Amino acid sequence: MHYFLNGSLLSFDTGFGFWVFITTIVFLWAMNKWLVPPIMSALKEREDRIRESLETAEKALAEAEKISRSNEKALKEAEITAQKIRKEALEDAEKVRNERIEKATQDAEKLLENARLKIEQEKKSALNELRNQVAELAVQSATIIIKSELDKEKSRHLVDSFIKDLSKKN
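Its first residue numbered 27, the sequence shown is counted upward by one per residue in the working numbering.
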């Protein structure tokens with residue numbers, strides 16, 4: 027302590043300076059020998075880990091962008107496919123609808139034609155039955171008339187003209 031008391035604070039002692047210099051050199055050499063290499067190694071490892079993490083992150087980002095583009099492409103293709111399927115389904119539905127309408131129309135026309143034919147047959151059958159009944163009545167009438175006053179020849183002529191007149195009317 028007397029050192030600070032005897033001289034000024036800014037005075038320089040060479041012996042003391044020499045030992046400070048030597049201790050500093052030994053300290054720096056010891057630090058450089060035993061402490062700096064592990065610190066530098068740890069810093070280098072940390073730098074390498076950070077670099078690897080950045081590279082991994084960049085690769086992951088590039089892969090994510092690639093997957094994103096692939097997903098967008100797949101989504102567009104799926105939308106196009108869905109639109110095609112929707113369009114085909116609508117076309118198929120329209121085709122089935124038109125086929126059903128056409129079949130229903132044909133069935134209705136067949137039913138109408140069958141009904142017309144049946145009506146025509148029934149009409150012809152009714153007319154034939156009516157003719158037969160009229161002919162029978164005419165024969166019966168003619169028989170009565172013949173018995174009463176006409177001969178066979180006039181009776182036949184009368185029945186034939188009556189049937190012809192009836193056929194012309196229908």
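Glycine included, C-beta positions come from ideal geometry on N, C-alpha and C.
Quantities reported herein were computed from a predicted structural model and do not represent experimental measurements.
Note the first and the last residue of the continuous alpha helix (DSSP H) segment covering residue 54.
Along the sequence shown, read from residue 1 onward, the residue named residue 54 stands at position 28. That run of the alpha helix (DSSP H) goes 40–56.
Please classify residue 164: is it buried, with 16 or more other beta-carbons within 10 angstroms of its beta-carbon, or exposed?
Within the sequence shown, numbered from 1, the residue matching residue 164 stands at position 138. Counting Cβ neighbours within 10 Å, residue 164 comes out buried, since at least 16 surround it.
CB of residue 160 within 7 Å of CB of residue 192, strictly
What you label residue 160 is simply residue 134 of the sequence shown in a count that begins at 1. What you label residue 192 is simply residue 166 of the sequence shown in a count that begins at 1. Yes, Cβ-Cβ distance for residue 160 and residue 192 is below 7 Å.
Per-residue DSSP class, three states only, for residue 37
Numbered from its first residue, the sequence shown carries residue 37 at position 11. Residue state, collapsed to three classes: coil.
If we ignore side chains and look at the alpha-carbon of each, how far apart do residue 72 and residue 112 end up?
Along the sequence shown, one-based indexing puts residue 72 at 46. Along the sequence shown, one-based indexing puts residue 112 at 86. Going by the C-alpha atoms only, they are around 57 Å apart.
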